[in-house]
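Residue numbering for the sequence shown follows the numbering used here, beginning at 2 and increasing consecutively.
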Amino acid sequence: MLYEVITYLRAALAGRAEPYAAGATVGTRVPDGRRPEDPHLPYVLVRLDGAIPDPSMANSRVTLRLTMWHADPDQAHDLAQLVQGLMVVHNGPVIRSVRPALGPVPALDPDSAVDLSTCTVTANVRPVQLT
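Here it is as structure tokens:
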């Protein structure tokens, strides 16, 4: 499932005209270099925060945390809004629908003091019939 999200966001962000999305890297690990002068920024981190089975047993919901590091707080926030919006309209082979859950919430990276913004979405995972 994370592969689908990473692949989708990489392609979706690559085609955006907004300057705060230019050159965004998407991955699943916290970047080593997180200073504003590092070439890694902007960086989008995608993490699975948890999965909740639906009472109907025909669905599963997952919480995805999306964290953006950027050169300043405004760009981090704008990128977080864009990424959350891109996720909400996504419908793929594994993820069938997405809803916004939390954020964007501004913060500072505690290790590097680089501005970041984080948000979460709830995704419904497409059921697969077991035989």
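Cβ atoms here follow ideal geometry from the backbone N, Cα and C, with glycine treated the same way. Predicted model, so just to flag it, every value in this text is computed and none were measured.
Check, Outcome
"Per-residue DSSP class, three states only, for Gly16", "coil"
"Where Ser118 falls, given that 16 or more other Cβ within 10 Å makes a residue buried", "buried"
"Residues near Pro107 by beta carbon distance below 8 Å, same chain, minus five either side", "Pro74, Ala77, His78, Asp116, Leu117, Ser118"
"Alpha-carbon spacing of Leu1 relative to Pro94, whole angstroms", "The structure shown does not extend to residue 1, since the chain spans only 2 to 132, so no value can be given for it."
"Under 7 Å between C-beta atoms of Pro101 and Val84", "no"
"Backbone secondary structure at Asp33 - three-state DSSP", "coil"
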